[in-house]
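Worksheet: the structure to be examined is printed underneath.
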Amino acid sequence: MFRPFRRAAPAAELVLYVRGACPLCDELERELRAAVPTAARDLARVDVDSDLALVARFGSVVPVLTVGGRVAFKARARPEAIAPRIERLTRIALERGPLRP
């Protein structure tokens, strides 16, 4: 018996906005990768100092994790809150579409 081919649901884009030499950024990335193992594959790490528009948008507030363009966390995150919030924002992004800055 044949089963129809199913594609996996697309993941919402995970972006971690950071600065160089930012221990808090490294900590959030470690916690994120531990809470959501697929983050290693799906995560884009962006240095805000690489773009003046990002500097203007984020100022001194880093790290910032966005899911489908929506802010999930700023600065710190409780490890137990990471996976549920990413799941919720992914669902929202897939239903409504990603936000664009």
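FYI, the numbering for the sequence shown is 526 to 626, going by the working numbering.
Cβ atoms here follow ideal geometry from the backbone N, Cα and C, with glycine treated the same way.
Rounded straight-line distance, which links the Cα of residue j to that of residue i
| i | j | result |
| --- | --- | --- |
| lysine 599 | alanine 608 | 15 angstroms |
| glutamate 556 | threonine 563 | 13 angstroms |
| phenylalanine 583 | glycine 622 | 22 angstroms |
| cysteine 550 | arginine 613 | 22 angstroms |
| alanine 597 | leucine 539 | 9 angstroms |
| valine 543 | serine 575 | 10 angstroms |
| glutamate 620 | arginine 566 | 22 angstroms |
Member of the options whose CA lies at the smallest distance from the CA of residue i
| i | options | result |
| --- | --- | --- |
| glycine 545 | Arg570, Arg566 and Ala565 | Arg570 |
| glycine 593 | Ile611, Asp551, Ala606 and Asp574 | Ile611 |
| leucine 568 | Arg558, Leu579, Asp574 and Ser575 | Arg558 |
| threonine 615 | Val543, Val561, Val586 and Phe583 | Val561 |
| leucine 541 | Leu619, Arg601 and Ile617 | Arg601 |
Anticipated Cβ contact below 8 angstroms, residue i with residue j, distance rounded
| i | j | result |
| --- | --- | --- |
| proline 588 | cysteine 547 | 7 angstroms |
| leucine 553 | leucine 590 | 7 angstroms |
| alanine 606 | alanine 537 | Rounded, the Cβ-Cβ distance is 17 angstroms, inconsistent with contact. |
| leucine 579 | valine 586 | Rounded, the Cβ-Cβ distance is 11 angstroms, inconsistent with contact. |
* Which full runs of the beta strand (DSSP E) of 3+ residues lie inside the region 573 to 606, going along the chain? -> Here the runs fully enclosed are 589 to 592 and 595 to 599.
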